[in-house]
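In my numbering, the protein residues as written are 498 to 746. The structure under discussion appears below in the form of structure tokens.
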Ligand SMILES: [Ca+2]
Ligand SMILES: [Ca+2]
Ligand SMILES: [Ca+2]
């Protein structure tokens with residue numbers, strides 16, 4: 498019995514180690530473009546096969562401030578493509594009820610910046626709260642707040658996460674173009690790239706798994722790791738041992 502207990506404890510420790518290393522992440526990259534009528538926006542479909550919580554961290558704006566004259570200003574090529582772009586992400590969650598396009602009635606939440614234009618939402622369908630600047634910098638973000646980062650909980654169902662340049666209204670989302678918008682290079686920046694802006698979105702969770710196909714991200718429960726089955730079988734064996742001993746006694 499001592500041996501069984503030791504094995505059970507060892508399996509439990511193994512489970513703890515695997516559990517803490519079970520963080521799942523998915524990063525997706527995209528580019529928005531300047532067109533005659535404004536800027537484009539991207540719609541990522543998010544299929545929640547189960548209810549659950551995860552974090553979203555956006556990386557885009559490739560300067561530390563919005564103005565080159567600001568003390569401490571610096572720029573960095575965050576995605577390593579040899580360019581500096583100035584997409585200031587404005588992001589929105591919509592319910593996807595199968596209707597075409599994005600409707601104001603299906604708008605669920607907005608998160609533009611860290612703790613700015615990112616109101617806390619808490620309904621049975623969605624809860625969303627901004628992460629801190631330090632947390633939002635985990636993906637490499639260098640501007641103190643432009644790139645949004647938040648924790649979100651969604652009920653099972655289908656959603657759409659919209660990535661746009663600041664700022665996208667319900668009417669513009671419905672019309673399919675961020676009207677009159679342009680990418681906002683820091684004032685005074687020489688030869689800025691203004692015809693497109695790059696971004697990265699990182700989804701992460703300790704309990705959910707992410708898979709991307711095209712523009713659809715499927716979110717599902719992480720399968721139980723092998724150690725859980727091992728631990729379970731050890732406990733089952735422990736129970737059998739106790740019962741057998743009790744019968745003998
Ligand atoms: Ca770049
Ligand atoms: Ca970030
Ligand atoms: Ca922003």
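Where is the CB? At the ideal position from N, CA and C, for every residue including glycine.
- Per DSSP, residue 539 is one residue of the beta strand (DSSP E) stretching across 539-545.
- A Cβ-Cβ separation of about 5 Å places residue 565 in contact with residue 683 under the 8 Å criterion.
- Ranked by Cα distance from residue 717, the first of 584, 642, 550 is 550.
- Distances from the CA of residue 621 to each of 689, 720, 651, 657 were compared; the closest alpha carbon is that of 651.
- Put simply, of 644, 700, 539 the residue whose alpha carbon is nearest the alpha carbon of residue 661 is 539.
- Its chain contains 529, 557, 558, 662, 680, 694, 695, 696 as the residues whose beta carbon lies nearer than 7 Å to that of residue 584, once the 5 sequence neighbours on both sides are disregarded; these appear in chain order.
- A straight line joining the alpha-carbon of residue 657 with that of residue 713 spans about 9 Å.
- When secondary structure is reduced to three states using DSSP, residue 565 falls in the coil class, being assigned neither helix nor strand.
- If you check the C-beta of residue 638 against ligand 2, you find a heavy atom less than 7 Å away.
- Residue 522 has 701 as its beta-bridge partners, per DSSP.
- In terms of Cβ geometry, residue 631 and residue 647 do not form a close pair [threshold 8 Å].
- In this chain, the alpha helix (DSSP H) harbouring residue 633 covers 630-633.
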